[in-house]
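Asker: Using the numbering used here, read the sequence shown as starting at 830 and increasing by one per residue. Ideal Cβ placement from N, Cα and C applies to all residues, glycine included. Bear in mind the structure is a predicted one, so any value in this text is a computation, not a measurement.
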Amino acid sequence: MISIGLEEFCRNQPSWVQGKRLGLLSNQASTDRNLTHSRDVIAHAFPGQLTTLFSPQHGFYSDKQDNMIESGHIIDPASGLQCYSLYGETRRPYPEMFSEIDILLVDLIDVGTRVYTFIWTVVYCMEVAAETGVSVAILDRPNPIGGHLVEGNVLEDAYRSFVGMCAIPMRHG
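Next up, the structure:
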């Protein structure tokens, strides 16, 4: 049976998390094996520590599916937590968005292709985390399409954008 980062993190409860304020970057596909959302799994494992949510392209509930539809910041109705959209007025979090967290947890499924924007959202979050002294923990998951092949052209600098920010192959695994 495959064990995902979310489940291992909550089962092992690392000592470096105790007493820390947690932020979570996720969407509706971020669930455990019982299809319980990572927000709820983390809130149960670390009571009172989850303070802020962040959403990538398509929104926290993945309800913005029409290509370039942006989403706004919301108060998550299930938890009452602030949820900052990182695909709306900004793609890069403002430092103030990290003011209520000590550790940003990232729980996103990625298929390993350069134009899948989640990787770039994570890059921006890591940059801001470094600037603000916030730690980042990636709750890793298997690539749903295998992740064993690397192929395609490497992005040229002249074509960098939010669907390709670094010189990596189209299919990076």
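Starting from Ala858, trace the beta strand (DSSP E) in both directions and tell me its first and last residue.
Answerer: Looking up residue 858 in the sequence shown gives position 29. Neither: Ala858 is in no beta strand (DSSP E) and is coded neither H nor E.
Asker: Sort out for me which residues DSSP pairs Asp936 with in a bridge.
Answerer: The sequence position of residue 936 within the sequence shown is 107, counting from 1. Answer is Ser855, bridged to Asp936.
Asker: For Glu929, name the three-state secondary structure that DSSP assigns.
Answerer: Counting from one through the sequence shown, the residue named residue 929 turns up at place 100. Note: Glu929 maps to coil in three-state DSSP.
Asker: Thr946 and Arg1000: beta carbons closer than 8 Å?
Answerer: What you label residue 946 is simply residue 117 of the sequence shown in a count that begins at 1. What you label residue 1000 is simply residue 171 of the sequence shown in a count that begins at 1. No, they are not a contact pair.
Asker: Tell me whether the beta-carbon of Leu937 lies closer than 8 Å to the beta-carbon of Pro885.
Answerer: On the sequence shown, residue 937 is found 108 positions in, with the first residue counted as 1. On the sequence shown, residue 885 is found 56 positions in, with the first residue counted as 1. Their beta carbons are under 8 Å apart, which means Leu937 touches Pro885 by this criterion.
Asker: Taking Cβ positions, are Gly993 and Leu933 nearer each other than 8 Å?
Answerer: Position 164 of the sequence shown holds residue 993. Position 104 of the sequence shown holds residue 933. Contact: no.
Asker: Tell me the rounded alpha-carbon separation between Leu835 and Leu968.
Answerer: In the sequence shown, residue 835 corresponds to position 6, counting from 1. In the sequence shown, residue 968 corresponds to position 139, counting from 1. Spanning the two alpha carbons is a distance of roughly 5 Å.
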